[in-house]
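Novice: Note that the protein sequences, when read in sequence, are chains A and B. In case it helps, my numbering puts the first sequence at residues 41 to 292. In case it helps, my numbering puts the second sequence at residues 872 to 960. Just so it is clear, CB atoms sit at the ideal spot from N, CA and C, and this is done for glycine as well.
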Amino acid sequence: MWKWLHPYAKTERTYHLCQRLLPWFSVLGLAVILFATVWGLAYAPTDYQQSEAYRIIYVHVPTAVLSKSLYSAMALAAFIGLVWQVKTSFMAMMALAPIGATVTFISLITGAAWGKPMWGTWWEWDARLTSQLILMFLFLGVISLYKAFEDKQQAGKAAGVMAIVGVINLPIIHYSVEWWNTLHQGATILKLGKPSMPPEMLWPLLLSILGWALVSGAVFLLRMQNEILHREIKRPWVVALANKNSASSEGK
Amino acid sequence: MYFEDINSFLDMGGYGLYVWLSFGSAALSLLVLWLDSLFSKRTLLTQVLSEQARQARIKAAAEQSATAEKSATAEKSATAEQRTNGETI
Numbered sequence: 041m042w043k044w045l046h047p048y049a050k051t052e053r054t055y056h057l058c059q060r061l062l063p064w065f066s067v068l069g070l071a072v073i074l075f076a077t078v079w080g081l082a083y084a085p086t087d088y089q090q091s092e093a094y095r096i097i098y099v100h101v102p103t104a105v106l107s108k109s110l111y112s113a114m115a116l117a118a119f120i121g122l123v124w125q126v127k128t129s130f131m132a133m134m135a136l137a138p139i140g141a142t143v144t145f146i147s148l149i150t151g152a153a154w155g156k157p158m159w160g161t162w163w164e165w166d167a168r169l170t171s172q173l174i175l176m177f178l179f180l181g182v183i184s185l186y187k188a189f190e191d192k193q194q195a196g197k198a199a200g201v202m203a204i205v206g207v208i209n210l211p212i213i214h215y216s217v218e219w220w221n222t223l224h225q226g227a228t229i230l231k232l233g234k235p236s237m238p239p240e241m242l243w244p245l246l247l248s249i250l251g252w253a254l255v256s257g258a259v260f261l262l263r264m265q266n267e268i269l270h271r272e273i274k275r276p277w278v279v280a281l282a283n284k285n286s287a288s289s290e291g292k
Numbered sequence: 872m873y874f875e876d877i878n879s880f881l882d883m884g885g886y887g888l889y890v891w892l893s894f895g896s897a898a899l900s901l902l903v904l905w906l907d908s909l910f911s912k913r914t915l916l917t918q919v920l921s922e923q924a925r926q927a928r929i930k931a932a933a934e935q936s937a938t939a940e941k942s943a944t945a946e947k948s949a950t951a952e953q954r955t956n957g958e959t960i
């Protein structure tokens, strides 16, 4: 595996790999997200308890699920960067952090918009909501810590340690609905046994999770390229690439 | 289609505000993130080009000043020679 992975530690190859994958992730991701959202909003049956307000699930759950996955991915990248000193892994960490922050922000906003009609409040300092808010602060903390250092290798180490320490928040978010009394309902899909949802509601939900994952992947590829360009800005291949790029855009 | 007409779709059983607020803010946030990523890529690539142009200017200026200095010293020595020539005559 190391033999296979090794060339991707080289930034130029990684950049071109991102470039090749980018259109696939973008087009497929947008198509799936659009399809799943329209399905969820217009075609899925209504909920007998919450009527149409439950349709917020088709954006709230994908973003909430992804916020945790993106944090895990970021922490994993940080771990690889700290232990094996792979050059590109801190770049991956910093490419993931803003996506995670945005997705967590969306899950909080949609949660508030769902909480108002169902619980009668936009916000409550209960376990699930608060731990999710902390997750957003962790993402923002990693970004700010990285930006605070001039030396980017040092910055990657500091931010990486913070990302790894913050992993403690993930099980807290997941089990918060079981450990404490909370307004938030328990798990619907990610639990042992059968999911407590009919398939005509579940399918658009699973698809929208896939769509959000693909779109996050697309933004990650783009941001990964940016991180590489930023770090390698003086390299000859970057200069050649910029020249080629401007030549092709002038030709249009 | 689950809804009978477009109005009942927009109304969302009276929860229209909350449902559309959720989806609208999600779309907006995603758009902002995507545009930010796209524009920073463009900015970085133009930055590379302007740095390249700056280096070229620095090089050109250095060459120009080197040749100017050379010709200036040549001129100076020439006039000095003339002057000394004039004095001796």
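Residue range of the alpha helix (DSSP H) that T161 (chain A) falls in?
Specialist: Per DSSP, T161 (chain A) belongs to no alpha helix (DSSP H) and is neither H nor E.
Novice: Report the rounded CA-to-CA distance for Q90 (chain A) versus M237 (chain A), giving the unit in angstroms.
Specialist: A direct Cα-to-Cα measurement between Q90 (chain A) and M237 (chain A) gives close to 14 angstroms.
Novice: So, do the region 62 to 77 of chain A and the region 205 to 214 of chain A have three or more beta carbon pairs nearer to each other than 8 angstroms?
Specialist: no
Novice: If you drop the 5 nearest sequence neighbours on each side, which residues of the same chain put their C-beta closer than 7 angstroms to that of E92 (chain A)?
Specialist: T86
Novice: Let me know if T938 (chain B) comes out buried or exposed under the rule of 16 or more other beta-carbons within 10 Å of its beta-carbon.
Specialist: exposed
Novice: How should A897 (chain B) be labelled, buried or exposed, when 16 other C-beta atoms within 10 angstroms of its C-beta is the threshold for buried?
Specialist: buried
Novice: Am I right that T103 (chain A) and W252 (chain A) are in contact with their C-beta atoms under 8 angstroms? What's the rounded C-beta distance?
Specialist: Beta-carbon to beta-carbon, T103 (chain A) and W252 (chain A) are separated by about 6 angstroms, close enough to satisfy the 8 angstroms threshold.
Novice: Would A927 (chain B) count as contacting chain A if we go by Cβ distances under 8 angstroms?
Specialist: no
Novice: Taking the alpha carbon of F145 (chain A) as the reference point, which residue from A:L110, A:P239, A:A203 has its own alpha carbon closest?
Specialist: A:L110
Novice: Distance cutoff 8 angstroms, beta carbons only. Does Q923 (chain B) sit that close to anything in chain A?
Specialist: yes
Novice: Report the three-state DSSP secondary structure of S236 (chain A) (helix, strand or coil).
Specialist: coil
Novice: Please decide whether S893 (chain B) counts as near chain A, where near means a Cβ-Cβ distance under 8 angstroms.
Specialist: So, interface residue.
Novice: So which residues on chain B does T128 (chain A) lean against when the C-beta distance must stay under 7 angstroms?
Specialist: Residues of chain B passing the Cβ test: none, with the nearest at roughly 17 angstroms.
Novice: For L906 (chain B), which residues in chain A fall below 7 angstroms Cβ to Cβ?
Specialist: Taking the beta carbon of L906 (chain B) as reference, no residue of chain A falls within 7 angstroms; the closest one sits roughly 11 angstroms away.
Novice: Does any residue of chain B have a CB that is nearer than 8 angstroms to the CB of K187 (chain A)?
Specialist: No, K187 (chain A) lies away from the interface with chain B (no Cβ there is under 8 angstroms from its Cβ).
Novice: I need the boundaries of the alpha helix (DSSP H) containing I208 (chain A), first residue and last residue.
Specialist: No alpha helix (DSSP H) holds I208 (chain A); DSSP gives it neither H nor E.
Novice: Can you find the residues in the same chain that come closer than 6 angstroms, C-beta to C-beta, to I120 (chain A), ignoring five residues on each side of it along the sequence?
Specialist: V126, S129
Novice: DSSP three-state label for D87 (chain A), please.
Specialist: strand
Novice: Within 8 angstroms of any Cβ in chain A, is that where the Cβ of L902 (chain B) sits?
Specialist: no
Novice: With a threshold of 8 angstroms between beta-carbons, can Q918 (chain B) be considered close to chain A, or not?
Specialist: yes
Novice: So which residues of chain B does A282 (chain A) contact, with C-beta pairs closer than 7 angstroms?
Specialist: L916, V919, L920
Novice: Among the candidates A:A195, A:Q265, A:I204, whose CA atom is the shortest distance from the CA of H56 (chain A)?
Specialist: Comparing Cα-Cα distances from H56 (chain A) to each of A:A195, A:Q265, A:I204, the minimum goes to A:Q265.
Novice: From W219 (chain A) to S911 (chain B), what distance separates their C-alpha atoms?
Specialist: Approximately 43 angstroms, taken between the alpha carbons.
Novice: Residues of chain B with CB under 7 angstroms from Q265 (chain A), in chain order?
Specialist: K912
Novice: Using C-beta distances below 7 angstroms, list every residue in its chain close to P276 (chain A), excluding the 5 sequence neighbours before and after it, in chain order.
Specialist: none
Novice: Closest by CA to A167 (chain A), which one among A:Q193, A:S216, A:H270, A:K50?
Specialist: Checked all of A:Q193, A:S216, A:H270, A:K50; the closest Cα to A167 (chain A) is A:S216.
Novice: In chain A, what lies closer than 9 angstroms to L909 (chain B) by C-beta?
Specialist: In chain order: L262.
Novice: Which residues in chain A have a C-beta closer than 8 angstroms to the C-beta of A897 (chain B)? List them in chain order.
Specialist: Under a criterion of Cβ atoms nearer than 8 angstroms, the residues of chain A adjacent to A897 (chain B) are, in order, V99, T103, I146, I149, T150.
Novice: Measure the alpha-carbon distance for L246 (chain A) versus K274 (chain A) and round it to whole angstroms.
Specialist: 44 angstroms
Novice: Taking the alpha-carbon positions, what's the L892 (chain B) to T150 (chain A) distance?
Specialist: Using only the alpha carbons, I get a separation of about 8 angstroms.
Novice: Would you call the CB atoms of A135 (chain A) and V207 (chain A) closer than 8 angstroms?
Specialist: no
Novice: Could you check if Q172 (chain A) is buried or exposed, using at least 16 other CB atoms within 10 Å of its CB as the buried criterion?
Specialist: Its Cβ being crowded by 16 or more others within 10 Å, Q172 (chain A) is buried.
Novice: Could you tell me if K108 (chain A) is buried or exposed, where buried requires 16 or more neighbouring beta carbons within 10 angstroms of its beta carbon?
Specialist: By the 10 Å Cβ count, K108 (chain A) comes out buried.
Novice: Exposed or buried, A924 (chain B), counting other C-beta atoms within 10 Å across all chains shown (16 or more means buried)?
Specialist: exposed
Novice: Where does W154 (chain A) land, buried or exposed, given buried means 16+ other C-beta within 10 angstroms?
Specialist: With 16 or more Cβ atoms within 10 Å of its Cβ, W154 (chain A) is classed as buried.
Novice: So, for I96 (chain A): in the same chain, excluding its five sequence neighbours on each side, which residues have a beta-carbon less than 6 angstroms away from its beta-carbon?
Specialist: So the list reads T150, W154, once near-sequence residues are dropped.
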